[in-house]
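S.K.: Going down the list, the sequences are from chains A and B.
Using the working numbering, the first residue of the first sequence is number 1132, and each one after it goes up by one.
Using the working numbering, the first residue of the second sequence is number 1132, and each one after it goes up by one.
Number of protein chains: 2
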Amino acid sequence: MQKLIHTRTRIEDLGKPRIVVIGGGFGGLELVKALRGINAQVVLFDKYNHHTFQPLLYQVATSGLETSSIIFPFRKKFATHKDFYFRMGEVTQILPEQNCIETSIGTVKYDYLVIATGASTNYFGNRNIMQKSYPLKTIEDAIDLRNQIIKNFELALLTDDKALMNSLIDFVIVGGGPTGVELAGSLAELKKHVFPTDYQELELQEMDIHLVEGTGRLLNGMSEEAGEEALKFLKDLGVQVHLNTFVKDYFNDEVDLSDQKIPTKNLIWAAGVLGNPTEGLDPEVHTRNSRLKVDEYNRVLGYDNIFAIGDVAAMITDTLPNGHAMVAPPAMQQGVLLASNLQNMMQNKPLKKFVYQDQGSMATIGRNKAVVDLLIGKKPLKTQGTFAWLIWMFVHLMSLVGFRNRILVLISWVWSYFSYDKSNRLIIGKNEREEADVVI
Amino acid sequence: MQKLIHTRTRIEDLGKPRIVVIGGGFGGLELVKALRGINAQVVLFDKYNHHTFQPLLYQVATSGLETSSIIFPFRKKFATHKDFYFRMGEVTQILPEQNCIETSIGTVKYDYLVIATGASTNYFGNRNIMQKSYPLKTIEDAIDLRNQIIKNFELALLTDDKALMNSLIDFVIVGGGPTGVELAGSLAELKKHVFPTDYQELELQEMDIHLVEGTGRLLNGMSEEAGEEALKFLKDLGVQVHLNTFVKDYFNDEVDLSDQKIPTKNLIWAAGVLGNPTEGLDPEVHTRNSRLKVDEYNRVLGYDNIFAIGDVAAMITDTLPNGHAMVAPPAMQQGVLLASNLQNMMQNKPLKKFVYQDQGSMATIGRNKAVVDLLIGKKPLKTQGTFAWLIWMFVHLMSLVGFRNRILVLISWVWSYFSYDKSNRLIIGKNEREEADVVI
């Protein structure tokens, strides 16, 4: 038996069952919130000490928001939860026979285990793209991308080689989902409102923003109207959208598309996600895109006390052969339901099945430009433009963790709206990942 | 002749004299501001793309302020300056005979050169301290220290070894100047108001904060009253102040003081600064603490067109055998005067000598606790306590670069005042420097 880490368990909690949650994303956070007051030790593991509000990462990457206003410390969030324990560390292995997990800080026993580890970027096996493109899943990804955009503009000033200059200031974004659409719109606004004063010495009309999507439309998770209007908004902003186009490779600073090659040092990869499961479970329970098959109670198939929620969980039914969409709302709803089901389990009460309440989805392209598909009850509301943009802002503000963060983001948005400015164009620290080599 | 970098000089600026400024700290920033409208190309070199407001770094390090609210992009600051050019890069060598500088991005010619490179941390030749202690001069230093404080508290939870636990949560700060005093006060407030809820599992009464100062008093640049009151404030907050005490070494996580040894993994070094001159000038013009000897016009001795301002400049006179204090006000005043003297030079007018207008100095220890020595005209005003604290906040807010930063810092302060909270206790990115090894 592995040495258990010392958890400094409070005396009154000894003997209570222990629920270990891996990952404090949208699903994990809602689960822990809803477990408040349950008669158990709740232990949250995360490799960060903070929750990240992923939907706004693109605004950090494009200098619109500061890092700290979209992340929130777990210890602060759960300061008043009596039975709550946070442990910062990476979970490396599940040992289901022994009811314990191995982590970077030791081995921990569990009575119930919840895997809420989310998703990672899917490079579809292309090593060149994995090594040289920019993903946007973590706060470090966002800072790296922001640093790199600004560095490349600084470098572009220094060269007489027009091809090199273009390669430094041109962008190719792959993936026409919300992240790709929002990033493309945000870069177009930088080009229009911010870079002309910052880089007066550059020929900014040369800055091209390409958005590449494999299917015939944008925003596949949304209505046709939303996809079409997003396309129109992006074109108005000067973004070059390539539909029905695939990326074959990325080599020598050149993106190899199915119909052309585009030279750029800025390839941003928002083309797909994979489940991010922890090692140690039966290979049979993994789907082809690395999610964990769960039943309608979010129990991983074949295990009594191991659960998965959110992006990493594939609740496959006759009507949903691929499980729920890998977005925040199913994760949050599964977290809330699982909390009450865990309580039911401990009290030998019957469990409730998960039924997803779809409330719609939305994406923003730029100021006064958003697309919203809402479901109010069962009534659909589709809207695009300024009203949609106000809804988008309101919903995102309300979803942020922490009142202070809401205030700070609101001030940043109001400030940007009136000044047309994005104030955080700062290079901070060295990039975590290998940087593009530039020889001037 | 070295290849000159292409500066994409605007056509109308060709032929104008070029003033190259190395470093956008307090001195460089004021100089460039005051050079607005001068009939010359003004080129600012800095290895960062932003100004750093160093006096508030300690609040970033102790989770009080977010990074981006105390730094400001140069390009934004000087967006409306017509003759201004920013270049991000490190200046490696001055070649005075050829009137040019070598930089990480190429070689640049100058007509006038201003060295405003500030100061770096003085470890007094001790390699152990240099490698293992935390300095606080740059924004990366502040982030590294913040990351490390939180990581060490997370690790402290995991050990049964009481000595190790103490070593992780105890602090030794060396240097009783403003940085040391303000850091000690800020850590004491974390201990009192923030850590008790974040780390309920720890025996926080074991957290010791030591402040070590070599002389017999704190805040040597200020009045005796200020030093005494700061000492009293720190003692009230539970800080252990060691006066007349020297650090001999730092080895095996143990600070070797002149009278005792204190085990800690957190040694913060604010004990001294050295000038940070660029290579290439006559060794004769360097002082023992690496500053550049300048005349009363801030001209480096023996050079016609090379100037130094701020911390890196030592204006030695009969009354000032060590030059001006290495703090912001002389740097800013020298920057302003040098701008007009450069204009005078170009117009063959007589130059004005620098006369320092001392307006006093101040330091804060915690909420409602600051010490202020003001000189209003020649009338001294000494005050300590709440009123001093309000003055300190007002002066620092007004000195910040950018209206938006002032608003954000004000909100953070008001928020902290009423909530007793410090919200930015976030670990972001990997540390730039080698981290302390901890084996649990």
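Beta carbons: idealized from backbone N, C-alpha and C, even for Gly.
Everything numeric in this text was worked out from a predicted model, so none of it was measured.
Since V1443(B) and P1408(B) should fall inside the 8 Å C-beta cutoff, what is the C-beta to C-beta distance between them, to a whole number of angstroms?
M.R.: On the second sequence, residue 1443(B) is found 312 positions in, with the first residue counted as 1. On the second sequence, residue 1408(B) is found 277 positions in, with the first residue counted as 1. So it is a contact: roughly 5 Å between Cβ atoms.
S.K.: Give, in chain order, every unbroken run of the beta strand (DSSP E) that is at least 3 residues long and sits entirely within the stretch 1318-1365 of chain B.
M.R.: Runs found: 1340-1343.
S.K.: Going by C-alpha to C-alpha distance, which of T1269(B), G1533(B), D1367(B) sits closest to R1188(B)?
M.R.: In the second sequence, the residue the question calls residue 1188(B) occupies position 57. The sequence given here has Leu at residue 1188(B), not Arg. Considering only alpha carbons, the answer is T1269(B).
S.K.: Could you give the DSSP three-state label for L1432(A): helix, strand or coil?
M.R.: On the first sequence, position 301 is the one that residue 1432(A) refers to. Coil.
S.K.: Measuring only the C-alpha atoms, how far is T1310(A) from G1403(A)?
M.R.: Here residue 1310(A) refers to the residue found at position 179 of the first sequence. Here residue 1403(A) refers to the residue found at position 272 of the first sequence. Cα-Cα distance, rounded: 10 Å.
S.K.: Quick check: what's the CA-CA separation for D1568(B) versus I1281(B)?
M.R.: Translated into the one-based positions of the second sequence, residue 1568(B) becomes position 437. Translated into the one-based positions of the second sequence, residue 1281(B) becomes position 150. With a pLDDT of 49 at D1568(B), under the threshold of 50, the predicted position of this residue should be treated as unreliable, and no value is reported.
S.K.: Roughly how many whole angstroms lie between the Cα atoms of L1412(A) and E1385(A)?
M.R.: Within the first sequence, the letter at position 281 stands for residue 1412(A). Within the first sequence, the letter at position 254 stands for residue 1385(A). So the two alpha carbons sit approximately 40 Å from each other.
S.K.: Show which residues of chain B have a CB atom less than 9 Å away from the CB atom of H1181(A).
M.R.: In the first sequence, the residue the question calls residue 1181(A) occupies position 50. By Cβ distance, chain B contributes R1556, L1557, I1558, I1559.
S.K.: Does any C-beta atom of chain A lie closer than 9 Å to the C-beta of Y1551(B)?
M.R.: In the second sequence, the residue the question calls residue 1551(B) occupies position 420. False, the Cβ-Cβ gap to chain A never drops below 9 Å.
S.K.: Q1554(A) lies in the beta strand (DSSP E); which residues open and close that run?
M.R.: Here residue 1554(A) refers to the residue found at position 423 when the first sequence is read from its first residue. It is worth fixing the name first, because residue 1554(A) is Ser in this sequence and not Gln. Element bounds for S1554(A): n/a, residue is neither H nor E.
S.K.: Using only the alpha-carbon positions, how far apart do P1266(A) and E1197(B) sit?
M.R.: Here residue 1266(A) corresponds to residue number 135 of the first sequence, with the count starting at 1. Here residue 1197(B) corresponds to residue number 66 of the second sequence, with the count starting at 1. Their backbone Cα atoms lie some 24 Å apart in a straight line.
S.K.: Along the chain, where does the beta strand (DSSP E) that runs through S1492(B) open and close?
M.R.: As a working note, residue 1492(B) is residue 361 in the second sequence. S1492(B) -> beta strand (DSSP E) spans 1491-1497.
S.K.: Can you say whether S1543(B) is buried or exposed, counting buried as having 16 or more other CB atoms within 10 angstroms of its CB?
M.R.: Stepping through the second sequence from its first residue, residue 1543(B) is reached at position 412. The residue is buried, with at least 16 neighbouring Cβ atoms inside 10 Å.
S.K.: Give me the Cβ distance between T1290(B) and E1410(B), rounded to the nearest whole Å; I'm assuming they're in contact under 8 Å.
M.R.: Your numbering for residue 1290(B) matches position 159 in the second sequence. Your numbering for residue 1410(B) matches position 279 in the second sequence. Wrong, their Cβ atoms sit about 46 Å apart, outside the cutoff.
S.K.: Pick helix, strand or coil for I1399(A), following the three-state DSSP scheme.
M.R.: For the purposes of this step, residue 1399(A) is identified with residue 268 of the first sequence, where counting begins at 1. Correct three-state label for I1399(A): strand.
S.K.: Please classify Y1200(A) as buried or exposed, where buried requires at least 16 neighbouring CB atoms within 10 angstroms.
M.R.: The residue labelled residue 1200(A) in the question sits at position 69 within the first sequence. Note that residue 1200(A) is Ser in the sequence shown here, rather than Tyr. Buried, by the Cβ-count rule.
S.K.: Suppose you measure from the CA of M1261(A) to the CA of R1556(A); what does that come to, to the nearest Å?
M.R.: Taking the first sequence and counting its residues from 1, one reaches residue 1261(A) at position 130. Taking the first sequence and counting its residues from 1, one reaches residue 1556(A) at position 425. Taking the straight line joining both Cα atoms gives about 25 Å.
S.K.: Using a threshold of 9 Å, state whether the C-beta atoms of A1287(B) and V1152(B) are closer than that.
M.R.: In the second sequence, the residue the question calls residue 1287(B) occupies position 156. In the second sequence, the residue the question calls residue 1152(B) occupies position 21. Going by C-beta atoms, A1287(B) is not nearer than 9 Å to V1152(B).
S.K.: Any heavy atom of the ligand ATP closer than 8 Å to the beta-carbon of N1170(B)?
M.R.: No copy of the ligand ATP occurs in the structure displayed, which carries no ligand at all.
S.K.: How would you write the range of the alpha helix (DSSP H) that M1219(A) sits in, first residue to last?
M.R.: By one-based count along the first sequence, residue 1219(A) stands at place 88. Not the alpha helix (DSSP H): M1219(A) falls in the beta strand (DSSP E), residues 1215-1219.
S.K.: Between the Cα of N1351(A) and those of V1378(A), G1308(A), H1341(A), spot the shortest distance and give me the residue it belongs to.
M.R.: As a position in the first sequence, residue 1351(A) is number 220, starting the count at 1. For the residues V1378(A), G1308(A), H1341(A), the minimum Cα distance to N1351(A) belongs to G1308(A).
S.K.: So with CB distances below 7 Å, who are the chain A contacts of P1204(B)?
M.R.: Within the second sequence, residue 1204(B) is the residue found at index 73, counting from 1. Simply R1556, L1557.
S.K.: In the DSSP assignment, the alpha helix (DSSP H) including E1285(B) goes from what residue to what residue?
M.R.: Taking the first residue of the second sequence as position 1, residue 1285(B) is located at position 154. First-last of the alpha helix (DSSP H) with E1285(B): 1270-1287.
S.K.: Tell me, please, whether the CB atom of M1123(A) is closer than 9 Å to any CB atom in chain B?
M.R.: In the structure as shown, chain A starts at 1132 and stops at 1571, and residue 1123(A) therefore has no counterpart that could be examined.
S.K.: For chain B, is any of its Cβ atoms less than 9 Å away from the one on I1440(A)?
M.R.: Counted from its first residue, the first sequence places residue 1440(A) at position 309. Closer than 9 Å: no.
S.K.: For I1201(A), which three-state DSSP category applies?
M.R.: Walking along the first sequence from the start, residue 1201(A) turns up at place 70. Here I1201(A) sits in coil by DSSP.
S.K.: How about T1395(B) and V1325(B): are their beta carbons less than 9 Å apart?
M.R.: Residue mapping note: residue 1395(B) aligns to position 264 of the second sequence, counting from 1. Residue mapping note: residue 1325(B) aligns to position 194 of the second sequence, counting from 1. Against a cut-off of 9 Å, the Cβ pair of V1325(B) and T1395(B) comes out as no contact.
S.K.: Taking only runs of the alpha helix (DSSP H) that begin and end inside the stretch 1134-1193 of chain B, which ones reach a length of at least 4 residues, in chain order?
M.R.: Fully enclosed alpha helix (DSSP H) runs of 4 or longer: 1157-1165, 1188-1192.
S.K.: Do the stretch 1174-1188 of chain A and the stretch 1518-1537 of chain A meet, that is, are 3 or more Cβ pairs less than 8 Å apart?
M.R.: Segments in contact, yes.
S.K.: Kindly indicate which residue of G1316(B), V1372(B), K1322(B) has the alpha-carbon position closest to the one of H1341(B).
M.R.: Position 210 of the second sequence, counted from the start, is the residue given in the question as residue 1341(B). When only C-alpha atoms are compared, the closest one is V1372(B).
S.K.: When you compare only the Cα positions, how much space is there between F1549(A) and P1460(B)?
M.R.: The residue labelled residue 1549(A) in the question sits at position 418 within the first sequence. The residue labelled residue 1460(B) in the question sits at position 329 within the second sequence. Straight-line Cα distance between these residues: approximately 34 Å.
S.K.: Does the structure place the stretch 1157-1168 of chain A close enough to the stretch 1459-1477 of chain A that three or more beta carbon pairs sit under 8 Å?
M.R.: These segments touch.
S.K.: For G1516(A) versus E1360(A), is the C-beta spacing smaller than 9 Å?
M.R.: The sequence position of residue 1516(A) within the first sequence is 385, counting from 1. The sequence position of residue 1360(A) within the first sequence is 229, counting from 1. Taking 9 Å as the Cβ cut-off, G1516(A) and E1360(A) qualify as a contacting pair.
S.K.: Name the residues in the stretch 1326-1342 of chain A whose C-beta lies less than 7 Å from a C-beta of chain B; which are they?
M.R.: For the stretch 1326-1342 of chain A, which is checked against every Cβ of chain B, the residues closer than 7 Å are T1328, D1329, E1332.
S.K.: At 7 Å on the CB atoms, spell out the chain B contacts of W1546(A), in chain order.
M.R.: As a first step, residue 1546(A) is located in the first sequence; it is residue number 415 there, counting from the start. Residues of chain B passing the Cβ test: R1535.
S.K.: At least one CB of chain B closer than 9 Å to the CB of I1150(A): is that the case?
M.R.: Reading the first sequence from its first residue, position 19 is the one you call residue 1150(A). No, no contact with chain B.
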